[in-house]
Amino acid sequence: MVKGCALIAALALGATLTSCTIEKNGDDQSVNSAAETSAMPMPPVASVTDGETDVNPDTPVTVKAVDGTLTDVQMTNENGKVIESSIAPDGKSWKTDEVLGYSRTYTIVAKTSTGEELNTTFQTVAPSALAEAYLSPIPDSTVGVGQVVSITFSTSIPDREAAEKAITIKTEPHVDGAFFWLNDRVLRWRPKDFWTPGTKVDVDVKMHGTKLGDGVWGDDDNKTNFTIGDSVIAYADDNTKTLTITKDGQEIQTMPISMGRDKYATPNGTYVIGDRYPDLVMDSSTYGLATTAPDGYRTNVKYATQMSWSGIYVHAAPWSVWAQGSQNTSHGCLNVSTANAEWFFNNTKRGDVVVVKNTVGGTLNGYDGLGDWNIPWETWSKGNANREDQ
109 MVKGCALIAA
119 LALGATLTSC
129 TIEKNGDDQS
139 VNSAAETSAM
149 PMPPVASVTD
159 GETDVNPDTP
169 VTVKAVDGTL
179 TDVQMTNENG
189 KVIESSIAPD
199 GKSWKTDEVL
209 GYSRTYTIVA
219 KTSTGEELNT
229 TFQTVAPSAL
239 AEAYLSPIPD
249 STVGVGQVVS
259 ITFSTSIPDR
269 EAAEKAITIK
279 TEPHVDGAFF
289 WLNDRVLRWR
299 PKDFWTPGTK
309 VDVDVKMHGT
319 KLGDGVWGDD
329 DNKTNFTIGD
339 SVIAYADDNT
349 KTLTITKDGQ
359 EIQTMPISMG
369 RDKYATPNGT
379 YVIGDRYPDL
389 VMDSSTYGLA
399 TTAPDGYRTN
409 VKYATQMSWS
419 GIYVHAAPWS
429 VWAQGSQNTS
439 HGCLNVSTAN
449 AEWFFNNTKR
459 GDVVVVKNTV
469 GGTLNGYDGL
479 GDWNIPWETW
489 SKGNANREDQ
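Going by our numbering, the first residue of the sequence shown is number 109, and it counts up by one from there.
Here's what the structure looks like:
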């Protein structure tokens, strides 16, 4: 009986041992298989996927080695042009070093030291329209205390907020300011008050790769810089028919003027000097009055200094010298003698200020283009990217 029990126990033990041996051999095979799989080198990985479209051309493309190092990486466009790029010193990563173009097809071929290869083709976004940003004032210029930063786009901007975020304005010393849109193409930036002479301003516009809404994307980047010069402010008083020019708060010149007669009264308000022309043909048809009409004209004038986009200038008017200082005879311009027009032309600069007061006209429209300071700061500082005012 005891022997029988021992035999049964031995058989049972043997069966148990045999069973354990089989399971152990199976586990070894699984572990070995997994180890072999994990030891297989992996191909490099790109930041774009094969067949991807609408890739932002402003975002650098990268490739990273998973195993080993990158031995050769080349990216070409659909015309075979090789894109400038570089592999990191440790050979673990690669990136493009030039900005990509819109509506292009690019192919990446990357090889590693382990013999793995990546071949990826992708396309950048195809805009329905491109927006170029033109800046004023021009680089390295010296301008007056009333000069605003002007960004004029080549096409209407659907997403105004996106455009504003792409623009950086730095001043030295620091000055707070705000953006304001005159329309969908013209964006301005100015401080609350006139600039302090000596202030330096840098404007950096990162347009390329900026999505501006409705299929519109930013074109090339742009930048400008300027310095605020002496404070030159002229005051045109209709009560005295006199233009008084000050520099840094001190009166430096006065001259008799003849402004717009009642039918064409010169608007009151703050004007910023724009372009200047030694000779300029003034044509009434540019604002809808035929040159053949009773009040129409087409006249060549000298020393024309622009005050508004609507056509108001300080200019030589020898034909009205008799009225200058006593009565208004013009269509809105500030008529002065030829000598005084030349002096004003030579002693003012872009961004200087002309303040017109006491006329029977209204106020220069703040959206005129050179009338920005007529928009109250309370309104300007709130911005209008949401188009609530238009």
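All residues carry an ideal CB built from backbone N, CA and C; glycine is no exception.
Treat the numbers as computed from the prediction; the structure is a model and nothing was measured.
In angstroms with no decimal places, state the Cα-to-Cα distance between residue i and residue j.
i	j	result
HIS423	PHE287	32 Å
GLY209	GLN231	10 Å
THR471	PHE453	24 Å
THR204	THR161	18 Å
VAL207	ASP284	32 Å
ALA147	GLY176	12 Å
GLY306	PRO281	9 Å
GLY377	GLY479	8 Å
GLN498	ILE195	51 Å
HIS316	GLY396	39 Å
THR229	ASP166	17 Å
THR418	ILE275	In the sequence on display, residue 418 carries Ser and not Thr. One C-alpha to the other measures close to 28 Å.
CYS441	ILE336	27 Å
ALA412	ASN448	11 Å
GLY433	GLY323	56 Å
ARG298	VAL313	16 Å
At which residues does the beta strand (DSSP E) containing residue i begin and terminate?
i	result
GLU280	275–280
PHE302	PHE302 -> no beta strand (DSSP E), and no H or E assigned at all.
GLU359	358–364
ALA493	Segment: none, ALA493 is in no beta strand (DSSP E) and carries neither H nor E.
MET148	No beta strand (DSSP E) contains MET148, which DSSP labels as neither H nor E.
Leaving out the 5 sequence neighbours to the left and right, which residues in its chain are closer than 6 Å to residue i when beta-carbon positions are compared?
i	result
GLU269	ALA493
LYS355	ASP338 and VAL340
ASP248	none
ASN408	VAL389
PRO151	GLU224 and LEU226
Let me confirm a value: residue i is counted as buried when at least 16 other C-beta atoms fall within 10 Å, else exposed. Which label applies?
i	result
GLN414	buried
GLY223	exposed
MET367	buried
GLN255	buried
ILE483	buried
ARG296	buried
ILE216	buried
LYS300	exposed
With a threshold of 6 Å (Cβ to nearest heavy atom), would residue i be considered close to the ligand HEM?
i	result
THR184	With respect to the ligand HEM, the structure shown offers nothing to examine, as it has no ligands at all.
Got a sec? Which residues, its chain only, sit under 8 Å from residue i by beta carbon, not counting five neighbours each side?
i	result
GLU359	THR352 and ILE353
SER438	SER366, MET367, GLY368, ARG369, TYR372, THR374, ALA425 and SER428
Opposite residue i in the DSSP bridges: which residues?
i	result
PHE288	ARG296
ARG458	According to DSSP, which records beta bridges pairwise, ARG458 is partnered with nothing at all.
ARG369	ARG369 is not bridged to any residue.
ALA237	VAL324
ASP391	ARG406
How far does the alpha helix (DSSP H) with residue i in it extend, from its first residue to its last?
i	result
THR487	485–488
CB-CB under 7 Å to residue i, same chain, minus the five flanking residues each way: which ones, in chain order?
i	result
SER506	Here the chain comprises residues numbered 109 to 498, so residue 506 is not present and cannot be evaluated.
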